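S.K.:
Number of protein chains: 2
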Amino acid sequence: MNVAHQISRVSFIGSGNVATALGLAFNIAGIKIDEVYSPNENNAKSLANKLKCSWVKNIEDLNTNSDLFIIAIPDQKIIDLEKYLPKINGIIAHTSGSQSIDVLNTNKNKYGVFYPLQTFTKSKEIEFTNIPICIEGSDETTSNLLIDLAKKISNNVVMLNSEQRQYLHLTAVTVNNFSNLMYNLAHDVLIEKEIDFSLLLPLIQETALKVHNINPSEAQTGPARRNDKSTINKHLELLNSYPDYKEVYRLLSNQLIRKYHDKL
Amino acid sequence: MNVAHQISRVSFIGSGNVATALGLAFNIAGIKIDEVYSPNENNAKSLANKLKCSWVKNIEDLNTNSDLFIIAIPDQKIIDLEKYLPKINGIIAHTSGSQSIDVLNTNKNKYGVFYPLQTFTKSKEIEFTNIPICIEGSDETTSNLLIDLAKKISNNVVMLNSEQRQYLHLTAVTVNNFSNLMYNLAHDVLIEKEIDFSLLLPLIQETALKVHNINPSEAQTGPARRNDKSTINKHLELLNSYPDYKEVYRLLSNQLIRKYHDKL
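If you read the sequences in order, they're chains A and B. Per the numbering used here, the first sequence starts with residue 81, numbered consecutively. Per the numbering used here, the second sequence starts with residue 81, numbered consecutively.
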């Protein structure tokens, strides 16, 4: 099997948010996109159009000559892919935070992981320069090829093994999805009380910025941090008509009190 | 009792983070600071020095001629203040999110609330222009005087009644302290797994920015949002050695599933 000295031609298996974001970033960096495969013809066409490349809707028609095939499909479909994938040359890499590299260890290909750590939406173009890209390869040559490629679109490229990447993905869910749930709970109550949610935006922004300079343990403030039971109880009372929110408030406050006070 | 047509001289009761941040902002806006009172002599001196004004450590020595006395002391001490405060002219206003305006309704003064919604630390100077300042007054004249003053340091001044302000404070705790707890949980695990926490910073940043443009309900993504039980269970397993974190992950995921799926 031949592996190129550098990756200069890429194909995408999948046409969702991650494929779109990566494809556009590759385009800007001058990496040639060969082809997009998606069983959804409209999505395949639409992304191929953006990336000025060809597309196929049947996987057996895939052009097998790219240096790299990037799998950007839902996690649970990655394992099944092997059954249908034609024999390809080059490297095959998935983009999943939570899947081990081993899910690709089923044929004779070189394989790896190319995981960009960010939340992508098709509607919003993302500046890739600072987005961390986490690389893992089936062997050193593959790792190095993937690293070289990643460095063409990002200044923030790291090697992580599968266990580390899984923990990173778990914490990414925590800081992204769960923080957004906090915004979500706040939003629902403020709407009902006829208070403009945008009043919270400077605070949300400052909270996110603060941990760029000091670690989250030092940045922690608030009633639970200072064990101010009177304010906590007042807040729990305000939440009497919001049982889900109240449960969250109680658990998170208790954990903060335990973390900062009970251990003293 | 005389109330000025505008507030041009301010004194501070308290010398902590809020007094410091407000005092510096007033200074820049050309509002004269008369005096700082704090029972802690060092803090009183230090703030008076920054604000180029006098200071007292005994409340009975307070210069009673300011147009406005801003109370910036811990919530639970506000009520007691009344016992010691000499008879003053002008307005008295507290800066608390969670205390009703009525805690100041104990003498014949004009009174109000001047609540800046932000997280303050003495070490970091804050640009006040976009910080929301929430105003409430004992009467229309007082409200208007406080609004006029607030507009000299911020473009984001709103009138809120005490109930609304208490809900706003509760949601501020949620988006600030509880989001920071998410960062905190993530940080502790990443340290142990020898993964650099700064990999999460672009995602934390993007999560905070996203809700500037779309509402948090639409911005919600992740395994629980799409009811992806397989990823959720994998994450819970990864958290077996972190029981507190696991409890948070489980509760928040269940609430998201309930919010986005069970109601469909």
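We put the CB at the ideal spot given by N, CA and C, even for glycine. Small disclaimer: the values here were computed from a predicted structure and weren't measured.
Can you tell me where the beta strand (DSSP E) holding Y340(A) begins and where it ends?
M.R.: As a first step, residue 340(A) must be located in the first sequence, where it is residue number 260. Per DSSP, Y340(A) belongs to no beta strand (DSSP E) and is neither H nor E.
S.K.: Could you check whether the stretch 174-188 of chain B touches the stretch 258-274 of chain A, counting it as contact only if at least three pairs of C-beta atoms, one from each stretch, sit closer than 8 Å?
M.R.: no
S.K.: Three-state secondary structure (DSSP) at V39(A)?
M.R.: Absent from the model: residue 39(A). The displayed extent of chain A is 81 to 344, so no value can be given.
S.K.: Which residues in the same chain as T100(A) place their Cβ atom closer than 8 Å to its Cβ, once the five residues preceding and following it in sequence are excluded?
M.R.: Stepping through the first sequence from its first residue, residue 100(A) is reached at position 20. Close CB contacts of T100(A) within its chain, under the 8 Å cut and outside five residues either way in sequence, are with L127, K130, F200, K202 (chain order).
S.K.: Mind listing, in chain order, the continuous alpha helix (DSSP H) runs of no fewer than 4 residues lying wholly within the stretch 167-233 of chain A?
M.R.: 220-231
S.K.: Identify which residue in V193(B), N313(B), N123(B) has its Cα closest to the Cα of F149(B).
M.R.: Your numbering for residue 149(B) matches position 69 in the second sequence. Considering only alpha carbons, the answer is V193(B).
S.K.: Using a Cβ-Cβ cut-off of less than 7 Å, list which residues of the stretch 183-217 of chain A approach chain B; keep chain order.
M.R.: L197, Q198, T199, N210, I211, P212
S.K.: Nearest-angstrom Cα distance between F92(A) and N122(A)?
M.R.: Working through the first sequence from its first residue, we reach residue 92(A) at position 12. Working through the first sequence from its first residue, we reach residue 122(A) at position 42. Straight-line Cα distance between these residues: approximately 15 Å.
S.K.: Tell me the DSSP secondary structure of L148(B) in three-state form.
M.R.: On the second sequence, residue 148(B) is found 68 positions in, with the first residue counted as 1. Looking at L148(B) - three-state DSSP - the assignment turns out to be strand.
S.K.: Report the partner residues of S88(A) according to the DSSP bridge assignment.
M.R.: Here residue 88(A) refers to the residue found at position 8 of the first sequence. Looking at the DSSP assignment, S88(A) forms no beta bridge with any residue, so it has no partner.
S.K.: From this set, I337(A), N210(A), H315(A), which residue's C-alpha is nearest V253(B)'s C-alpha?
M.R.: By one-based count along the second sequence, residue 253(B) stands at place 173. Nearest C-alpha to V253(B): H315(A).
S.K.: Give the residues of chain A in contact with S310(B), contact being defined as C-beta atoms less than 8 Å apart.
M.R.: Along the second sequence, one-based indexing puts residue 310(B) at 230. Against chain A, the beta carbon of S310(B) has neighbours under 8 Å at D155, Q156, listed in chain order.
S.K.: Under a CB-based cut-off of 8 Å, is T251(B) close to chain A?
M.R.: The residue you call residue 251(B) lines up with position 171 of the second sequence. Yes, contact with chain A.
S.K.: Rounded to whole angstroms, what's the CA-CA distance from S242(A) to S218(A)? Just pull it up for me.
M.R.: As a first step, residue 242(A) is located in the first sequence; it is residue number 162 there, counting from the start. As a first step, residue 218(A) is located in the first sequence; it is residue number 138 there, counting from the start. Rounded to the nearest angstrom, the two C-alpha atoms are 11 Å apart.
S.K.: For I159(A), does the count of other Cβ atoms within 10 angstroms reach 16, so buried, or fall short, so exposed?
M.R.: As a position in the first sequence, residue 159(A) is number 79, starting the count at 1. Exposed.
S.K.: Please tell me whether I337(B) and N307(B) are closer than 8 Å, where the distance is taken between their beta carbons.
M.R.: Residue numbering aside, residue 337(B) sits at position 257 when the second sequence is read from its first letter. Residue numbering aside, residue 307(B) sits at position 227 when the second sequence is read from its first letter. Against a cut-off of 8 Å, the Cβ pair of N307(B) and I337(B) comes out as a contact.
S.K.: Do you know how far the Cα of I215(A) is from the Cα of V237(A)?
M.R.: As a working note, residue 237(A) is residue 157 in the first sequence. As a working note, residue 215(A) is residue 135 in the first sequence. Using only the alpha carbons, I get a separation of about 7 Å.
S.K.: In whole angstroms, what is the alpha-carbon distance linking Q300(B) and N256(B)?
M.R.: By one-based count along the second sequence, residue 300(B) stands at place 220. By one-based count along the second sequence, residue 256(B) stands at place 176. Their backbone Cα atoms lie some 18 Å apart in a straight line.
S.K.: Would the beta-carbon of R338(A) be found less than 7 Å away from any heavy atom of the ligand PLP?
M.R.: What this structure holds is no ligand at all, so the ligand PLP is not there to describe.
S.K.: Identify which residue in I111(A), L250(A), L281(A), L279(A) has its Cα closest to the Cα of V269(B).
M.R.: Taking the second sequence and counting its residues from 1, the one referred to as residue 269(B) is at position 189. Comparing Cα positions, the closest option is L250(A).
S.K.: Just to confirm my understanding: we take I153(A), look at its own chain, exclude 5 residues before and 5 after, and list those with CB closer than 6 Å. What are they?
M.R.: Stepping through the first sequence from its first residue, residue 153(A) is reached at position 73. Same-chain partners within the cutoff: G94.
S.K.: Among S333(A), S278(A), N107(A), A124(A), whose alpha-carbon lies nearest the alpha-carbon of S310(A)?
M.R.: For the purposes of this step, residue 310(A) is taken as residue 230 along the first sequence, with counting starting at 1. Looking at the Cα atoms, S333(A) is the closest of the given residues.
S.K.: Taking D324(B) as the query, report the chain A residues whose CB atoms sit under 7 Å from its CB, ordered along the chain.
M.R.: One-based indexing of the second sequence puts residue 324(B) at position 244. Chain A residues near D324(B): Q335.
S.K.: Taking only the alpha-carbon atoms, compute the straight-line gap between S283(A) and W135(B) and give it to the nearest angstrom.
M.R.: Within the first sequence, numbered from 1, the residue matching residue 283(A) stands at position 203. Within the second sequence, numbered from 1, the residue matching residue 135(B) stands at position 55. Per the sequence shown, residue 283(A) should be read as Leu rather than Ser. Straight-line Cα distance between these residues: approximately 31 Å.
S.K.: How many Å lie between L280(B) and I206(A) at the Cα?
M.R.: As a working mapping, residue 280(B) is identified with position 200 in the second sequence. As a working mapping, residue 206(A) is identified with position 126 in the first sequence. If you take the alpha carbons of L280(B) and I206(A), they lie about 16 Å apart.
S.K.: Would you mind working out which of P212(A), N235(A), K326(A), N224(A) sits nearest D276(B), comparing C-alpha positions?
M.R.: As a working mapping, residue 276(B) is identified with position 196 in the second sequence. Among P212(A), N235(A), K326(A), N224(A), the Cα nearest to that of D276(B) is on P212(A).
S.K.: Quick one: does G302(B) have its CB under 8 Å from some CB of chain A?
M.R.: Residue 302(B) sits at position 222 when you count from the first residue of the second sequence. G302(B) counts as touching chain A.
S.K.: Which residues mark the beginning and the end of the beta strand (DSSP E) in which I113(B) is found?
M.R.: Sequence index remark: in the second sequence, residue 113(B) carries index 33 (1-based). From DSSP, the beta strand (DSSP E) with I113(B) extends over 112-117.
S.K.: List, in chain order, every chain B residue whose beta-carbon is nearer than 8 Å to that of R305(A).
M.R.: For this step, residue 305(A) is matched to residue 225 along the first sequence. Chain B residues near R305(A): N257.
S.K.: Closest Cβ-Cβ distance between S178(A) and chain B: below 8 Å?
M.R.: Taking the first sequence and counting its residues from 1, one reaches residue 178(A) at position 98. So yes, S178(A) belongs to the interface.
S.K.: Looking at the unbroken beta strand (DSSP E) that takes in V98(A), where does it start and where does it end?
M.R.: For the purposes of this step, residue 98(A) is taken as residue 18 along the first sequence, with counting starting at 1. From DSSP, V98(A) is part of no beta strand (DSSP E) but of the alpha helix (DSSP H) over 97-108.
S.K.: I'd like the list of long-range same chain contacts for V98(A), defined as Cβ closer than 8 Å, with 5 residues on each side in sequence excluded.
M.R.: Here residue 98(A) is taken as the residue at index 18 of the first sequence, counted from 1. A152, T175, P196, F200, listed in sequence order.
S.K.: Does the beta-carbon of Y325(A) have 16 or more other beta-carbons within 10 angstroms, so that it is buried, or is it exposed?
M.R.: Position 245 of the first sequence, counted from the start, is the residue given in the question as residue 325(A). With 16 or more other Cβ atoms within 10 Å, it is buried.
S.K.: Keeping to the same chain, check which residues put their C-beta closer than 7 Å to that of K231(B); ignore five residues upstream and five downstream.
M.R.: As a working mapping, residue 231(B) is identified with position 151 in the second sequence. Excluding sequence neighbours, K231(B) sits near V237.
S.K.: Ends of the beta strand (DSSP E) at S321(B)?
M.R.: Locating residue 321(B) in the second sequence gives position 241, counting from the first residue. Note, S321(B): premise wrong, no beta strand (DSSP E); not H, not E.
S.K.: With DSSP collapsed to three states, give me the class of I153(B).
M.R.: Stepping through the second sequence from its first residue, residue 153(B) is reached at position 73. It is coil, neither helix nor strand.
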